[in-house]
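Accompanying notes for the structure given below.
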Amino acid sequence: MLLRSSVFPHASHPHHSPLSWLQDTILTTLRQVYPDEPASAYSDDALLGPSFFRIGHWQYNIDGGHHIQRFNLDAVIDIPAARAEKVVFRVKSNWGATHTCLYRVRLHGHL
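Those letters in the sequence shown? Residues 1 to 111, per full-length UniProt numbering, in order.
Below you can see the structure in the form of structure tokens.
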């Protein structure tokens with residue numbers, strides 16, 4: 001999904017750093033968020049490449065009281081140089097149906 005504009009995941013400070021520093025900082029945060037998972041579970045995806053990171057993992061509650069459900073991010077990467085222009089939602093299962101429909105997906109952040 002291509003976002004209309006880049007967004008910050010939350011606050012900022014006026015420091016821009018090389019890409020390797022940024023990736024190391026993001027990986028440090030993700031190691032803290034996912035301590036029992038290998039780095040390959042949240043970074044360097046074979047299909048997406050090294051610039052995509054998993055910052056959330058959710059399960060839709062099929063028995064929930066409402067079909068619209070909200071999920072918080074597992075990791076908030078609050079670094080000015082880490083701006084998102086593209087987002088990937090990967091559906092790994094869908095309660096046994098032969099297809100999956102996502103009618104609307106919203107990502108909240110700030111510019």
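Note that CB positions come from ideal geometry on N, CA and C, so glycine has one too.
Below 6 Å CB to CB, which residues in the same chain sit around Tyr34 once its five sequence neighbours on both sides are set aside? Tyr42
Based on the DSSP secondary-structure assignment, which residues constitute the bridge partners of His99? According to DSSP, His99 bridges with nothing at all.
Through-space distance from Leu111 to Leu73, alpha-carbon basis: 17 Å
Between the CA atoms of Tyr60 and Ile77 - distance to the nearest angstrom: 23 Å
Looking at the strands, I want to know which residues DSSP matches up with Ala75. DSSP, once it has assigned bridges, lists no residue as partnering Ala75.
Can you check which of these residues, Leu22, Asp63, Arg31, Leu107, is closest to Phe89 by C-alpha distance? Leu107
In chain order, what residues of the same chain lie with their CB nearer than 8 Å to the CB of Leu102, ignoring the 5 residues before and after it? Here the set comprises Phe89, Val91.
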